[in-house]
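Residues in the sequence shown are numbered consecutively from 2, following this note's numbering. For glycine and all other residues, C-beta sits at the position ideal for the given N, C-alpha and C.
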Amino acid sequence: MSDHTAGRPATPGDPEGIDPSVLDELTRLRDSIDNIDAAVVHMLAERFKCTQQVGHLKAAHRLPPADPAREARQIIRLRQLAESAKLDPGFAEKLLNFIIAEVIRHHETIARS
Numbered sequence: 002m003s004d005h006t007a008g009r010p011a012t013p014g015d016p017e018g019i020d021p022s023v024l025d026e027l028t029r030l031r032d033s034i035d036n037i038d039a040a041v042v043h044m045l046a047e048r049f050k051c052t053q054q055v056g057h058l059k060a061a062h063r064l065p066p067a068d069p070a071r072e073a074r075q076i077i078r079l080r081q082l083a084e085s086a087k088l089d090p091g092f093a094e095k096l097l098n099f100i101i102a103e104v105i106r107h108h109e110t111i112a113r114s
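What follows is the structure, encoded as structure tokens:
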């Protein structure tokens, strides 16, 4: 093991000759990213639990799986939130559209069952 990997596991992407403090900072940042990714997955799971309940309620009352007016309001709201968080609003809209499409698919499945 070379000196720059002392105290932490070597990874195939570790270039030789990089200052150990840089590699340690990279590891710290990647650990933070991994934690955030886990939180995002758990938050999405919670969101989908709620949307499943919405799907059952809609099916029970014969409401359509999609609600274009609400979706449009949500897109506007999420774009504003993204902008205030200094996140690309276009990216936030794409993400929400992806989530909405999955929710509608779930609602259609619930309505058929």
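- For Arg80, the closest alpha carbon among the candidates Glu72, Gly91, Asp68 and Ala70 is that of Gly91.
- CA-to-CA, the gap between Val41 and Pro21 works out to about 30 Å.
- For His43, the enclosing alpha helix (DSSP H) covers residues Pro21 to Ala61.
- Check the Cα spacing between Arg78 and each of Glu94, Arg63 and Arg113: the tightest is with Glu94.
- Within the segment 70 to 114, complete beta strand (DSSP E) segments of at least 3 residues are not found at all.
- Cβ-Cβ distances below 7 Å link His57 to Ile111 in the same chain, with the five nearest sequence neighbours on each side left out; the list follows chain order.
- At the C-beta level, Ala67 and Ile105 come within 8 Å of one another.
- Taking all protein chains in view, the Cβ of His108 is crowded by 16 or more other Cβ atoms within 10 Å, so the residue is classified as buried.
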